[in-house]
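Below: the structure, in structure tokens.
Here it is, written out as structure tokens:
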């Protein structure tokens, strides 16, 4: 009786046909299990939903002094730091430290943004000047904004999860 | 039918019947438990591996108990921990045991590693078991990290945030790992459930598997035999029996550990800080003491440098038995160099840890 395994018979001899069958079986199994594994992996990585942005009322120009910083929140509850740089110039930064995601805050006396986690310091323009963010060249993320001088108000651009991009 | 009844002899005892239901060679168990144990195991510092295992069992038991009350959702996690600590009967005790056993487990693991290193017990043919042990250290530290995050107080929340984002700096696969850990582009509501699943599902499964392999390899190789200078031991006293002698010792150590943990729980019960506030980082944050080494590195160098350095260090430690073997053969390095290197590495770790514990 001849018993044949994958790729060779029991005496360890293999024919070309056996070898091809073994390769085909190997590739087939690898692809099948690979697809299951890939699906499992994708299941674990949540889909990133692209959302539209909208302008959010950030305050009246007159409410913020020149050089002053005001903290406000976007629609997801993330703090944003709005600074009136000059008479007609505003800057908005995400309060999330680009180093490891802690929250930076504005220090009025030092005129700087400071992250308490690893003592990261950013100047008033959001540029990292000392600490690990400066070593890594990571500046604060700037948030686009719009100044409506006629109405005397400032808007910041925020993500709006209720408006999905098709 | 007739055949079947003929096989059942009325004299067959209960054990006989059971062994018919489970056709297993029970002699194997007898053989496995009759392992001769070298006499040096009577010294406590050779029982550190067993101590880790015992603490792991305590963690499993108290951990399962805690899951009966813990709620892994951002708006209820902190409240449920407060409930466990304040309202549940013996909740403070179970939680404190879990906390202190975790800390003791890491201490015992470090000590176990030092013992193995300085007695050269990782050398050929036991290299693989060092690698498995090192993976277990990594898993235990991840246990500590995820478990601490579940408390969901200010410090633990920001520790989790920093840790999850830290993964981002790992070359190539970092962003995917970070995305997976956080359950999105940022730390958010998915993150806590992920840490919970890691802590009570994935990590324990991995740990059980690796602990099994670790012990299996010890059993297959046998415990390293050591010679102590100036101590002549007669052949008869070189070994003692695993069962019941060594097992009894281990059980006694277990009771001692429970006493110790209970005292810790009574004197320093697990507390609860301010609830997590995702919009504000507290002025001073600190991870658990076993991450001080890394926390100090993060302050000293840039993110990329400290992460790559830590990974390289981890890789070298993981493969150390093979690296050392290769270096020893190639350059004929005497053993005392490796001892000095071990002392230096440990001192380096200690200095960074102590340094971080003294600064704010």
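Protein chains in written order, with this note's numbering: chain S, -17 to 148; chain C, 1100 to 1459. Cβ atoms here follow ideal geometry from the backbone N, Cα and C, with glycine treated the same way. For clarity, every value in this text was computed on a predicted model and none was experimentally measured.
Where residue i and residue j are concerned, what is the direct C-alpha to C-alpha distance, given to the nearest angstrom?
i                      : j                      : result
residue 1100 (chain C) : residue 2 (chain S)    : Residue placement at residue 1100 (chain C) is poorly supported in this model, since its pLDDT is 46, which falls under 50; the coordinates still yield a value, given next. In a straight line, the C-alpha of residue 1100 (chain C) is about 49 Å away from that of residue 2 (chain S).
residue 1341 (chain C) : residue 1135 (chain C) : 6 Å
residue 1128 (chain C) : residue 1237 (chain C) : 31 Å
residue 106 (chain S)  : residue 90 (chain S)   : 10 Å
residue 80 (chain S)   : residue 1156 (chain C) : 40 Å
residue 1169 (chain C) : residue 1183 (chain C) : 8 Å
residue 1258 (chain C) : residue 1385 (chain C) : 7 Å
residue 1179 (chain C) : residue 28 (chain S)   : 27 Å
residue 1151 (chain C) : residue 85 (chain S)   : 37 Å
residue 6 (chain S)    : residue 19 (chain S)   : 20 Å
residue 1354 (chain C) : residue 1361 (chain C) : 11 Å
residue 72 (chain S)   : residue 1175 (chain C) : 39 Å
residue 150 (chain S)  : residue 87 (chain S)   : The structure shown does not extend to residue 150 (chain S), since chain S is modelled only from -17 through 148, so no value can be given for it.
residue 1265 (chain C) : residue 1402 (chain C) : 8 Å
residue 1326 (chain C) : residue 1318 (chain C) : 20 Å
residue 1436 (chain C) : residue 1210 (chain C) : 20 Å
residue 1255 (chain C) : residue 1376 (chain C) : 11 Å
residue 135 (chain S)  : residue 42 (chain S)   : 4 Å
residue 1421 (chain C) : residue 1231 (chain C) : 13 Å
Taking Cβ-Cβ distances shorter than 8 Å, what residues in chain S pair up with residue i?
i                      : result
residue 1401 (chain C) : 114, 117, 118
residue 1381 (chain C) : 98
residue 1257 (chain C) : 84, 99
Kindly list, in the order they appear in chain S, the residues whose Cβ is closer than 7 Å to that of residue i.
i                      : result
residue 1264 (chain C) : 82, 83
residue 1282 (chain C) : 28
residue 1454 (chain C) : Under the 7 Å cutoff, chain S gives no residues; its nearest Cβ is about 15 Å from residue 1454 (chain C).
residue 1286 (chain C) : 83
Under 8 Å Cβ-Cβ, which residues of chain C neighbour residue i?
i                     : result
residue 59 (chain S)  : 1377, 1378
residue 101 (chain S) : 1398
Give the interface partners of residue i over in chain S, defined as CB-CB distance under 9 Å, in chain order.
i                      : result
residue 1393 (chain C) : Within chain S, no residue comes near residue 1393 (chain C); the closest Cβ sits about 11 Å away, beyond 9 Å.
residue 1202 (chain C) : Neighbours of residue 1202 (chain C) on chain S: none; closest Cβ ~23 Å, over 9 Å.
residue 1289 (chain C) : 28
Is the Cβ of residue i closer than 7 Å to any Cβ of chain C?
i                     : result
residue 26 (chain S)  : yes
residue 126 (chain S) : no
Against chain S, does residue i count as a neighbour if the rule is that its beta carbon must be under 7 Å from one of theirs?
i                      : result
residue 1237 (chain C) : no
residue 1260 (chain C) : yes
residue 1384 (chain C) : yes
residue 1089 (chain C) : For chain C, the structure presents residues 1100 to 1459; residue 1089 (chain C) sits outside this window and is missing.
residue 1104 (chain C) : In this prediction, residue 1104 (chain C) scores a pLDDT of 49, lower than 50, which makes its location untrustworthy; no coordinate-derived value is stated.
Which residues does DSSP list as the beta-bridge partners of residue i?
i                      : result
residue 1374 (chain C) : C:1252
residue 78 (chain S)   : S:85
residue 42 (chain S)   : S:135
residue 29 (chain S)   : Note: residue 29 (chain S) sits in no beta bridge, so no partner.
residue 1136 (chain C) : C:1339
residue 112 (chain S)  : S:103
If you count every other CB in all the chains shown that lies within 10 Å of the CB of residue i, and 16 or more means buried, which is it?
i                      : result
residue 1382 (chain C) : exposed
residue 1204 (chain C) : buried
residue 1455 (chain C) : buried
residue 1393 (chain C) : buried
residue 1228 (chain C) : buried
residue 130 (chain S)  : exposed
residue 1133 (chain C) : exposed
residue 1429 (chain C) : exposed
residue 1419 (chain C) : buried
residue 60 (chain S)   : buried
Any beta carbon of chain B sitting closer than 7 Å to that of residue i?
i                    : result
residue 13 (chain S) : This model lacks chain B altogether; the protein chains it does include are S and C.
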